[in-house]
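Student: Below is a structure I'd like to ask you about.
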């Protein structure tokens, strides 16, 4: 496993992290057994993954509780990141949310505490000041943000510098490359990639759009006629599955699973410090580690870029996975 020290911090994190949303089980991921969740956490640690990302919104604290149980007596080996929800950006609410997360995780500090979404009503300065109070109290070690576009980042940089920005980034969602990624690189903000396999679509398990279940076909890649879609856009199903076919060909030529190639591609991108891969069982933990060791040549990287460029252009600079440009939650 490769590790990277976050800029201006003492935190050294694994190149592949364990994304813990799926530990809660929900309509997107399906039911999740608690014993298997705990086993997945321990298998990830044993495989060399030391970075775990969760949030209070994942199952209303269930993901945090399961992660805490998995790390019991192993806390010193882990770097834990969590996030507070968009309704808790005010000072008092944020403080209370932090205390709940600490209790769920069975720990007395959070390594990286993140703003899940910038608030439209609570001044960013109030949220930032509240986070610094928690840092001064030793309850959090570092401060990060999630889903911050260039507008939110511009406002925040007038107050201070977050160590990370967690963003949706994958071979099939390259929207941050237009503006947000260059801004993060320029400012020295490490990028954490979520949905790196686009809800499992980049594993190659689906050969056509009709095979994708409605919970995952809410993505902007799919037709707005899908039952749970809310983006109001035409989607780009033809471009998406043409890209997947090409990625499959490239992966077969390399003799590696599509998921390894997709994760490795991200780790070759400037500014990326860790890829958050959803892990729900021990086998997934062991498999995902292999991607961190895969080196892709410049020719392979160029072929993957070319294969996914039509999807990038069709979706444009809006990084929101679910909402169209007119209603994007990114600012």
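In our numbering, the protein residues as written are 116 to 446. Positions of the beta carbon are idealized from the N, C-alpha and C atoms, including for glycine.
Only counting the same chain, and skipping five residues up and downstream in sequence, which positions put a Cβ closer than 6 Å to that of residue 376?
Tutor: Locating residue 376 in the chain shown gives position 261, where the first residue counts as 1. So the list reads 366, once near-sequence residues are dropped.
Student: From which residue to which residue does the beta strand (DSSP E) around residue 283 run?
Tutor: Working through the chain shown from its first residue, we reach residue 283 at position 168. Residues 279-283.
Student: Give the C-beta separation of residue 383 and residue 334 to the nearest angstrom, bearing in mind that I take them to be a contact with Cβ-Cβ under 8 Å.
Tutor: Numbered from 1 along the chain shown, position 268 holds the residue referred to as residue 383. Numbered from 1 along the chain shown, position 219 holds the residue referred to as residue 334. Not confirmed; about 24 Å, so no contact.
Student: Out of curiosity, what's the CA-to-CA distance linking residue 390 and residue 236?
Tutor: Walking along the chain shown from the start, residue 390 turns up at place 275. Walking along the chain shown from the start, residue 236 turns up at place 121. Answer to the nearest angstrom: the Cα atoms are 31 Å apart.
Student: Measure the CB-CB distance between residue 164 and residue 132 and report whether it falls below 8 Å.
Tutor: Counting from one through the chain shown, the residue named residue 164 turns up at place 49. Counting from one through the chain shown, the residue named residue 132 turns up at place 17. Going by C-beta atoms, residue 164 is nearer than 8 Å to residue 132.
Student: Could you please give the first and the last residue of the uninterrupted beta strand (DSSP E) stretch that includes residue 196?
Tutor: Position 81 of the chain shown, counting from 1, holds the residue named residue 196. Start and end: 194-199.
Student: Taking 8 Å as the threshold (C-beta atoms), are residue 150 and residue 206 in contact?
Tutor: Counting from one through the chain shown, the residue named residue 206 turns up at place 91. Counting from one through the chain shown, the residue named residue 150 turns up at place 35. No, these two residues do not count as a Cβ contact at 8 Å.
Student: Counting only the same chain and skipping the five closest in sequence on each side, list residues whose C-beta sits under 6 Å from that of residue 397.
Tutor: For the purposes of this step, residue 397 is identified with residue 282 of the chain shown, where counting begins at 1. Excluding positions up to five away in sequence, the list reads 154, 155, 158.
Student: For residue 356, I'd like the list of residues in its chain whose CB is within less than 7 Å of its CB, leaving aside the five on either flank, ordered along the chain.
Tutor: As a first step, residue 356 must be located in the chain shown, where it is residue number 241. Once the five neighbours on either side are set aside, the close Cβ partners of residue 356 are 323, 324.
Student: Is the beta carbon of residue 341 closer than 8 Å to that of residue 438?
Tutor: The sequence position of residue 438 within the chain shown is 323, counting from 1. The sequence position of residue 341 within the chain shown is 226, counting from 1. In this structure, residue 341 does not lie closer than 8 Å to residue 438 by Cβ.
Student: For the putative contact between residue 380 and residue 286, defined by C-beta atoms under 8 Å, what is the C-beta separation to the nearest angstrom?
Tutor: Working through the chain shown from its first residue, we reach residue 380 at position 265. Working through the chain shown from its first residue, we reach residue 286 at position 171. Residue 380 to residue 286, Cβ: 6 Å. Contact.
Student: Using the beta-carbon count (16 or more within 10 Å), is residue 189 buried or exposed?
Tutor: Reading the chain shown from its first residue, position 74 is the one you call residue 189. The residue in question, residue 189, is exposed, as its Cβ has fewer than 16 Cβ neighbours within 10 Å.
Student: I need the DSSP call for residue 344, collapsed to helix, strand or coil.
Tutor: As a working note, residue 344 is residue 229 in the chain shown. If DSSP states are grouped into helix, strand and coil, residue 344 belongs with coil.
Student: By the 10 Å Cβ neighbour count, where 16 or more other Cβ atoms means buried, how is residue 259 classified, buried or exposed?
Tutor: In the chain shown, residue 259 corresponds to position 144, counting from 1. Burial call: buried.
Student: So is the beta-carbon of residue 270 under 7 Å away from any non-hydrogen atom of the ligand NAD?
Tutor: The ligand NAD is absent from the structure shown, which contains no ligand whatsoever.
Student: If you reduce the DSSP assignment to three classes, tell me which class residue 135 lands in.
Tutor: As a first step, residue 135 is located in the chain shown; it is residue number 20 there, counting from the start. Coil.
Student: Hey, is the stretch 167-183 in contact with the stretch 405-416, meaning 3+ C-beta pairs nearer than 8 Å?
Tutor: Touching, no.
Student: Looking only at DSSP bridge pairs, what is residue 229 linked to?
Tutor: For the purposes of this step, residue 229 is taken as residue 114 along the chain shown, with counting starting at 1. Answer is 198, 259, bridged to residue 229.
Student: Measure from the alpha carbon of residue 351 to the alpha carbon of each residue in 429, 306, 394, then state which is nearest.
Tutor: Counted from its first residue, the chain shown places residue 351 at position 236. Looking at the Cα atoms, 429 is the closest of the given residues.
Student: To the nearest angstrom, how far is it from the Cα of residue 332 to the Cα of residue 191?
Tutor: Here residue 332 corresponds to residue number 217 of the chain shown, with the count starting at 1. Here residue 191 corresponds to residue number 76 of the chain shown, with the count starting at 1. If you take the alpha carbons of residue 332 and residue 191, they lie about 39 Å apart.
Student: Residue 221 to residue 418, Cα distance in whole Å?
Tutor: Indexing the chain shown from 1 puts residue 221 at position 106. Indexing the chain shown from 1 puts residue 418 at position 303. When rounded, the distance between both Cα atoms is 45 Å.
Student: Could you tell me whether any Cβ in chain D is nearer than 8 Å to the Cβ of residue 381?
Tutor: No chain D is present in this structure, which holds just one protein chain.
Student: Using the DSSP secondary-structure output, state which residues sit across from residue 309 in a beta bridge.
Tutor: Taking the first residue of the chain shown as position 1, residue 309 is located at position 194. Beta-bridge pairing links residue 309 to 283.
Student: So the beta strand (DSSP E) residue 128 belongs to, where does it begin and stop?
Tutor: Counting from one through the chain shown, the residue named residue 128 turns up at place 13. From DSSP, the beta strand (DSSP E) with residue 128 extends over 127-129.
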